[in-house]
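Following: one structure in structure tokens, then a few remarks.
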Amino acid sequence: MSTQSGHSRQLSQRTAFGLLFVATIIVVLPVLFIIWQIIINGIGTISWEFLTQPPSQAGKAGGIFPAIVGTFYLMLGTVILSLPIGVLAAIYLAEYAPHNWLTRVINLAIINLAGVPSIVYGLFGLGVFVIGLNFGLSLLAASLTLACQALAMTITTSREAILAIPRGYREGSLAIGATKWQTVRHVILPQARPGVITGAVLAMSRAAGETAPILVVGAAFLLPGLPQSPFDQFMALPYHLYTVAAHVPGMPEGTMWGVALVLLAVVLSFNVLATIIRLRARRRRV
């Protein structure tokens, strides 16, 4: 009887594993197909001139250098503006906040913040930063808008990294006379740094691929040069791809695929970097 029940459990486990494997393949294959199509259609366009020259003839000729630089400016501004606030909020929620209704409301608000459509953030940035604070259509307004969007991810990843630190670290530090803030600053944060950095890198990756928010707060299709200050307009890869694919008649398909490939490379590179940081952190803890 026990042998039959053992065989039945093994069969159930194999069936479950098989269904999970099939589901994984169903999810992964379309992604791999899309990446493969972008690579084989766009690799022929990639050249030194394409990566280092400004666009010309309404984007039909030249390169995408201003869009690449503008994208990195946007990612850098997003992290600089969102990381300090996100980490400080995570420290408060993980180490100082009492377990009451207000904390639960804050955590619920952070979860809802991650689910707000990106175009809503764009309209919020237009009303608050562009019009309300009179920043105009600028790199600063776009960075602030994406920083608001990135706060949910930054707070969540930083908070989970802090909570993952064993309690013994805190107790040991407090036992030798350190204050709560000294414990957080010199013990908890150094241990949680890989998780915080991972969240920052993922926030940068998301900022690199957003189109809807920057569409209304400062992105431009063609500019004569690079932005010279945070109050200048800028070019960005996702908006450039959207424009050349949807609004420029007679655009060569190779150019569209080339822009898509560069954008894909930027986003995937930051995701790979985040994965490497996370794996190295796990090995060090082990």
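Our numbering runs 102 ahead of the 1-based position in the sequence shown. C-beta: ideal position from N, C-alpha, C; glycine also. Remember, it's a predicted structure, so these values are computed and weren't measured experimentally.
Subject >> Beta-carbon proximity of A314 to T256, cut-off 9 Å >> reply: Here residue 314 is taken as the residue at index 212 of the sequence shown, counted from 1. Here residue 256 is taken as the residue at index 154 of the sequence shown, counted from 1. Not closer than 9 Å, so no.
**OP:** Buried or exposed for T281, please, with buried defined as at least 16 other CB atoms from any protein chain shown within 10 angstroms of its CB.
**Re:** Counting from one through the sequence shown, the residue named residue 281 turns up at place 179. With fewer than 16 Cβ atoms within 10 Å of its Cβ, T281 is classed as exposed.
Subject >> Per-residue burial, P292 [other beta carbons within 10 Å of its own, 16 or more giving buried] >> reply: As a working mapping, residue 292 is identified with position 190 in the sequence shown. P292 comes out exposed.
Original post:
Looking at the structure shown, is S371 part of a helix, part of a strand, or coil, going by DSSP?
Top reply: For this step, residue 371 is matched to residue 269 along the sequence shown. S371: helix per DSSP, three-state reduction.
Original post:
What are the partner residues of G164, as DSSP defines its beta bridges?
Top reply: Taking the sequence shown and counting its residues from 1, the one referred to as residue 164 is at position 62. G164 pairs with P157.
Original post:
Just curious, the alpha helix (DSSP H) that L251 is in, first and last residue?
Top reply: For the purposes of this step, residue 251 is taken as residue 149 along the sequence shown, with counting starting at 1. The residue you asked about is not Leu; residue 251 is Gln in the sequence shown. According to the DSSP assignment, Q251 belongs to the alpha helix (DSSP H) that extends over L241 to L265.
Subject >> Residues bridged to A321 [DSSP beta-bridge criterion] >> reply: One-based indexing of the sequence shown puts residue 321 at position 219. Partner(s): F336.
Subject >> Nearest-angstrom Cα separation, counted from V368 out to S158 >> reply: The residue you call residue 158 lines up with position 56 of the sequence shown. The residue you call residue 368 lines up with position 266 of the sequence shown. C-alpha separation (whole angstroms): 23 Å.
Original post:
Looking only at its own chain, which residues have a Cβ that is under 6 Å from the Cβ of V171, when we skip the five neighbours before and after it?
Top reply: As a position in the sequence shown, residue 171 is number 69, starting the count at 1. Answer for V171: L328, listed in chain order.
**OP:** Run through the stretch 259 to 303 for me and flag every whole alpha helix (DSSP H) of 4 or more residues, listed as ranges in chain order.
**Re:** 269 to 277 and 282 to 285
**OP:** Take I145 and list the residues in its own chain whose beta-carbon comes closer than 7 Å to its own, dropping the five residues that flank it on each side.
**Re:** In the sequence shown, counting from the first residue as 1, residue 145 sits at position 43. So the qualifying residues of the chain are L363.
Subject >> Reduced DSSP secondary structure (H/G/I, E/B, other) of Q112 >> reply: Working through the sequence shown from its first residue, we reach residue 112 at position 10. In this structure, Q112 counts as helix in the three-state DSSP scheme.
Subject >> Through-space distance from A294 to H288, alpha-carbon basis >> reply: Taking the sequence shown and counting its residues from 1, the one referred to as residue 288 is at position 186. Taking the sequence shown and counting its residues from 1, the one referred to as residue 294 is at position 192. For H288 and A294, the distance between alpha carbons rounds to 11 Å.
**OP:** Kindly indicate which three-state DSSP category V171 falls into: helix, strand or coil?
**Re:** In the sequence shown, residue 171 corresponds to position 69, counting from 1. Helix.
**OP:** Check whether the stretch 203 to 215 touches the stretch 297 to 314, counting contact only when three or more Cβ pairs, one atom from each stretch, lie closer than 8 Å.
**Re:** no
Subject >> Whole-angstrom distance between V124 and W138, CA atom to CA atom >> reply: Working through the sequence shown from its first residue, we reach residue 138 at position 36. Working through the sequence shown from its first residue, we reach residue 124 at position 22. Roughly 21 Å separates the two Cα atoms.
Original post:
When the Cα of A249 is compared with those of Y198, P186, V374 and W359, which residue comes out closest?
Top reply: In the sequence shown, residue 249 corresponds to position 147, counting from 1. Its Cα nearest to that of A249, the residue P186 stands out among Y198, P186, V374 and W359.
**OP:** Please classify L215: does DSSP put it in a helix, a strand, or coil?
**Re:** Numbered from 1 along the sequence shown, position 113 holds the residue referred to as residue 215. If DSSP states are grouped into helix, strand and coil, L215 belongs with the helices.
Original post:
Residue range of the alpha helix (DSSP H) that Y223 falls in?
Top reply: Numbered from its first residue, the sequence shown carries residue 223 at position 121. Element bounds for Y223: S220 to G227.
Subject >> Closest Cα partner of T247 within the set F226, D334 and N236 >> reply: The sequence position of residue 247 within the sequence shown is 145, counting from 1. Checking every option, the nearest Cα to that of T247 belongs to F226.
Subject >> Three-state class that DSSP yields for Q139 in the structure shown >> reply: Here residue 139 corresponds to residue number 37 of the sequence shown, with the count starting at 1. Q139: helix per DSSP, three-state reduction.
**OP:** Measure from the alpha carbon of L77 to the alpha carbon of each residue in A309, S260 and L134, then state which is nearest.
**Re:** In the structure as shown, the chain starts at 103 and stops at 388, and residue 77 therefore has no counterpart that could be examined.
Subject >> Residues near S184 in its chain [Cβ-Cβ closer than 7 Å; skip 5 each side] >> reply: Taking the sequence shown and counting its residues from 1, the one referred to as residue 184 is at position 82. Excluding positions up to five away in sequence, the list reads A249, A252, L253, T256 and A305.
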